[in-house]
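Engineer: Got a structure for you, questions after.
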Amino acid sequence: MLSRKDELGRSVSFRGKTPGIVDAFVVICLFFAAFIFFDQWYDMAFAAQWSDELLDCIFTGRPFDFYGSVLAKVAAGDYVGPTLKNEPIAPVYNILVYIVLAVWELPLYITKHIIPIPTPTYELILEIWGRLLNIILSCVCFIQITKLSEFLMKDKAKAKWAGFYFISSPILIYCVIIRNNLDIIPALCIILALKQYFQKKYISFSLLMAIACCFKVMPVFVAIPLLLFAEKRIVKLIQYLGLTLSLLAVTIIIPTLADPGYTVTQNLIVSGDAFSSYIFKTYITGGTSNYSVFLLIFFLICVLAYIIKPSERNMPVYSLLFGFASLSTFFMFVKWHPQWILLLLPFITLIVFSLIDFEFGILLDMALTLGFLVTSIFIHLTEWVFTYSIFYTNTADQYSPYDSFNPIYDLFNGYGITTIVPSTLFLAGIAALILVAFLNNRSKLPKIDSSFDNSYKIHRGLLYARAAIILIYIVPPLISYLSHPI
Numbered sequence: 003m004l005s006r007k008d009e010l011g012r013s014v015s016f017r018g019k020t021p022g023i024v025d026a027f028v029v030i031c032l033f034f035a036a037f038i039f040f041d042q043w044y045d046m047a048f049a050a051q052w053s054d055e056l057l058d059c060i061f062t063g064r065p066f067d068f069y070g071s072v073l074a075k076v077a078a079g080d081y082v083g084p085t086l087k088n089e090p091i092a093p094v095y096n097i098l099v100y101i102v103l104a105v106w107e108l109p110l111y112i113t114k115h116i117i118p119i120p121t122p123t124y125e126l127i128l129e130i131w132g133r134l135l136n137i138i139l140s141c142v143c144f145i146q147i148t149k150l151s152e153f154l155m156k157d158k159a160k161a162k163w164a165g166f167y168f169i170s171s172p173i174l175i176y177c178v179i180i181r182n183n184l185d186i187i188p189a190l191c192i193i194l195a196l197k198q199y200f201q202k203k204y205i206s207f208s209l210l211m212a213i214a215c216c217f218k219v220m221p222v223f224v225a226i227p228l229l230l231f232a233e234k235r236i237v238k239l240i241q242y243l244g245l246t247l248s249l250l251a252v253t254i255i256i257p258t259l260a261d262p263g264y265t266v267t268q269n270l271i272v273s274g275d276a277f278s279s280y281i282f283k284t285y286i287t288g289g290t291s292n293y294s295v296f297l298l299i300f301f302l303i304c305v306l307a308y309i310i311k312p313s314e315r316n317m318p319v320y321s322l323l324f325g326f327a328s329l330s331t332f333f334m335f336v337k338w339h340p341q342w343i344l345l346l347l348p349f350i351t352l353i354v355f356s357l358i359d360f361e362f363g364i365l366l367d368m369a370l371t372l373g374f375l376v377t378s379i380f381i382h383l384t385e386w387v388f389t390y391s392i393f394y395t396n397t398a399d400q401y402s403p404y405d406s407f408n409p410i411y412d413l414f415n416g417y418g419i420t421t422i423v424p425s426t427l428f429l430a431g432i433a434a435l436i437l438v439a440f441l442n443n444r445s446k447l448p449k450i451d452s453s454f455d456n457s458y459k460i461h462r463g464l465l466y467a468r469a470a471i472i473l474i475y476i477v478p479p480l481i482s483y484l485s486h487p488i
């Protein structure tokens, strides 16, 4: 049993035990269930195949013909699979995404050229290999956020619980394992960047955020207010911001100039699902024009970040709040894909562990997580996510196809319940967490050295209940499927 002083100087006790075998077993079981029963095959399967094509281009001396080469094979019918809203299949991601996957796939690529592997088998191995990368990177995130937490909290036991809190989150399981995408990479970059930021290493912070921005643009909405909060010298600010955007600019300009196919793929995505148009969909009617709600609030957050001059004690929590508020505003007023929400998780974890009322913070997290998952059930739980899973593939001849793999949606729809209720819960949970964290930090007495210097008590039952929220996504489709044997 460890001891420390609370905000009033009283000695309080809390459980100093760290996560153990049972806690790890809970996470492993949830990861395994998500991995076996679900798989958004589309994104990772094609990204893996296209990264293999990138290796072909590199080893045949055509490194700047990647996008064009893939488009030629798409036109020839070499890539067969589902299409999204009748949009053409094309490699629309930043080239860095395919480079990272290509490096990861290199051992398989070499093996394929030594031992002949049938194409369908090789493509299946590539997809599973990509999913394995996501799981490994999730474990790396667990290690890194534990180290970041230890740096902020000066408490190894508490830091390990923060790491457990991160990796047991339903948000991580859903976004990484079920949705099967590479958003874990920018999430890892954000965690690493935050550690550099709190050590006042703003160049390395900017470089890590630059890498994150190549995978998803949203990290720039974290980097800008955080740099404005930490650095008040205009020239330095311009340097850091330029560095943050530099890699994204380079990885757009070079393919545009060197690979004609790149422009074609970007035109395809712009015509069907342009990211920039999302920003202007929520607006206020103005005089001469409409005003983007997101850009307006983001601008005000940046102004506040620049004019506020925090004490050393308050800087970590206020930095997290600025980053979290900025990114949350994006999700409040901009159309989002569900896997993007993973970028909020490092901030949610650290903010909850900074609260005086730790258990209440967990409840707020559970509320926003529940709202997020139910919203995703309404919109994003399609048959693809289930019918491309390992489980379905190996049992499809034992059970009859069922009309709906989304019974929760059918139930809610029958009662007239729409996405308004769960999405409101999601956003209300986020707003409440920001408000409680701000008020908690304001109420801490000046003699407390750190905003993370708070007593806490781990209730495993509460943490398990939070982790188990993912079961509302996993269990109903599984029951529906197993209820229709042939």
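Residue numbering for the sequence shown follows the numbering used here, starting at 3 and increasing by one per position. Virtual Cβ for every residue (Gly too), placed ideally from N, Cα, C. Computed from a predicted model, the values in this text were never measured in an experiment.
Looking at PHE335 and ILE303, is the spacing between their C-beta atoms short of 9 Å?
Structural biologist: It is not a contact, given that the beta carbons lie outside the stated cut-off.
Engineer: Please report the residue range of the alpha helix (DSSP H) in which MET368 lies.
Structural biologist: From DSSP, the alpha helix (DSSP H) with MET368 extends over 360 to 382.
Engineer: Three or more beta-carbon pairs under 8 Å between the stretch 288 to 296 and the stretch 204 to 216, yes or no?
Structural biologist: Cβ pair count under 8 Å is below three, so no.
Engineer: Measuring only the C-alpha atoms, how far is LEU249 from ILE364?
Structural biologist: Near 37 Å, if we compare the C-alpha coordinates of ILE364 and LEU249.
Engineer: Going by beta carbon distance, what residues of the same chain come within less than 6 Å of ALA470, once the five residues before and after it are set aside?
Structural biologist: Cβ within range, chain order: n/a, list empty.
Engineer: Contact between the stretch 143 to 162 and the stretch 182 to 201 is defined here as three or more beta-carbon pairs at a separation below 8 Å; is this criterion met?
Structural biologist: They touch, by the three-pair rule.
Engineer: Just to confirm the assignment, what range does the alpha helix (DSSP H) spanning HIS115 have?
Structural biologist: That run of the alpha helix (DSSP H) goes 97 to 116.
Engineer: Could you give the C-beta distance for SER140 and VAL178, rounded to a whole number, given that I count them as a contact under 8 Å?
Structural biologist: Contact holds; Cβ gap of about 6 Å.
Engineer: Taking the beta carbon of THR287 as the centre, do at least 16 other beta carbons fall within 10 Å, making it buried, or is it exposed?
Structural biologist: With fewer than 16 other Cβ atoms within 10 Å, it is exposed.
Engineer: Report the rounded CA-to-CA distance for ASP261 versus ARG64, giving the unit in angstroms.
Structural biologist: Near 10 Å, if we compare the C-alpha coordinates of ARG64 and ASP261.
Engineer: If you measure from the CB of LEU110, is any heavy atom of the ligand GTP nearer than 8 Å?
Structural biologist: Looking for the ligand GTP in the displayed structure turns up nothing, as the structure carries no ligands at all.
Engineer: Is DSSP giving PHE394 helix, strand or coil here?
Structural biologist: First, the residue type needs correcting, since residue 394 is Tyr and not Phe in the sequence shown. Helix, per DSSP.
Engineer: Whole alpha helix (DSSP H) runs in the stretch 218 to 303 with 4 or more residues, listed along the chain?
Structural biologist: Correct list: 222 to 232, 236 to 260, 262 to 275 and 277 to 280.
Engineer: Which residue's Cα is closest to the Cα of LEU32: PHE301, PRO21, SER170 and ILE117?
Structural biologist: Of the listed residues, the one whose Cα sits closest to LEU32 is SER170.
Engineer: What's the gap between the Cα of PHE393 and the Cα of LEU57?
Structural biologist: Whole-angstrom Cα-Cα distance: 31 Å.
Engineer: Using the rule of at least 16 other Cβ atoms within 10 Å of the residue's Cβ for burial, across every protein chain shown, is ARG235 buried or exposed?
Structural biologist: That one is exposed.
Engineer: On the three-state DSSP scale, how would you describe PRO487?
Structural biologist: Strand at PRO487.
Engineer: Shortest alpha-carbon distance to LEU329 belongs to which of LEU210, VAL266, TYR204 and PHE301?
Structural biologist: Closest by alpha carbon: PHE301.
Engineer: Would you call the stretch 455 to 464 and the stretch 356 to 363 in contact, with 3 or more CB pairs under 8 Å?
Structural biologist: Touching, per the Cβ criterion.
Engineer: Excluding the five sequence neighbours on either side, which residues of its own chain have a C-beta within less than 7 Å of the C-beta of PRO93, listed in chain order?
Structural biologist: Around PRO93: TRP52, TYR69, VAL72, TYR100 and THR267.
Engineer: Can you tell me whether GLU9 is helix, strand or coil according to DSSP?
Structural biologist: Because the pLDDT of GLU9 is 43, which lies under 50, any placement of that residue in the model is unreliable, and the number read from its coordinates should be weighed accordingly. GLU9 falls in the coil class under three-state DSSP.
Engineer: At the level of alpha carbons, what is the spacing between VAL24 and VAL305?
Structural biologist: Looking at the two C-alpha atoms, the distance is approximately 46 Å.
Engineer: Mind checking LEU269: buried by the 16 CB within 10 Å criterion, or exposed?
Structural biologist: Here residue 269 turns out to be Asn, not Leu, going by the sequence shown. When all chains shown are included, ASN269 counts as exposed.
Engineer: Does the distance from the C-beta atom of LEU245 to that of LEU196 stay below 9 Å?
Structural biologist: No, these two residues do not count as a Cβ contact at 9 Å.
Engineer: Leaving aside the five residues before and after LYS162 along the sequence, list all residues of the same chain whose C-beta is less than 7 Å from its C-beta, in chain order.
Structural biologist: Within the same chain, LYS162 has close Cβ partners THR20, PRO21 and THR148.
Engineer: With 16 other CB atoms within 10 Å as the buried threshold, where does TYR466 fall?
Structural biologist: Under this definition TYR466 is an exposed residue.
Engineer: Do TRP386 and TRP43 have their C-beta atoms within less than 9 Å of each other?
Structural biologist: Their beta carbons are under 9 Å apart, which means TRP386 touches TRP43 by this criterion.
Engineer: Secondary structure at SER167, three-state DSSP: helix, strand or coil?
Structural biologist: Here residue 167 is Tyr; the residue named in the question, Ser, does not match the sequence. Helix.
Engineer: Please work out which residues of its chain come closer than 6 Å, Cβ to Cβ, to LEU484, disregarding the five sequence neighbours upstream and downstream, and give them in chain order.
Structural biologist: Excluding positions up to five away in sequence, the list is empty.
Engineer: Grouping DSSP H, G and I as helix and E and B as strand, with all else coil, what is TYR401?
Structural biologist: Three-state DSSP puts TYR401 in a strand.
Engineer: Apply the 10 Å Cβ neighbour rule to LYS158 and answer buried if 16 or more other Cβ atoms are within range, or exposed otherwise.
Structural biologist: So LYS158 ends up on the exposed side.
Engineer: How many angstroms separate the CA atom of ASP412 from the CA atom of PRO227?
Structural biologist: When rounded, the distance between both Cα atoms is 42 Å.
Engineer: Quick check: what's the CA-CA separation for ILE309 versus PHE231?
Structural biologist: Using only the alpha carbons, I get a separation of about 8 Å.
Engineer: Count the other C-beta atoms from every protein chain shown that fall within 10 angstroms of the C-beta of VAL224, then say buried if there are 16 or more, exposed otherwise.
Structural biologist: It counts as buried.
Engineer: Return the CA-CA distance between GLU55 and ILE254, expressed in angstroms with no decimal places.
Structural biologist: Roughly 19 Å separates the two Cα atoms.
Engineer: Just the Cα atoms here: how many angstroms apart are ILE119 and LEU344?
Structural biologist: Rounded to whole angstroms, ILE119 to LEU344 spans 35 Å at the Cα level.
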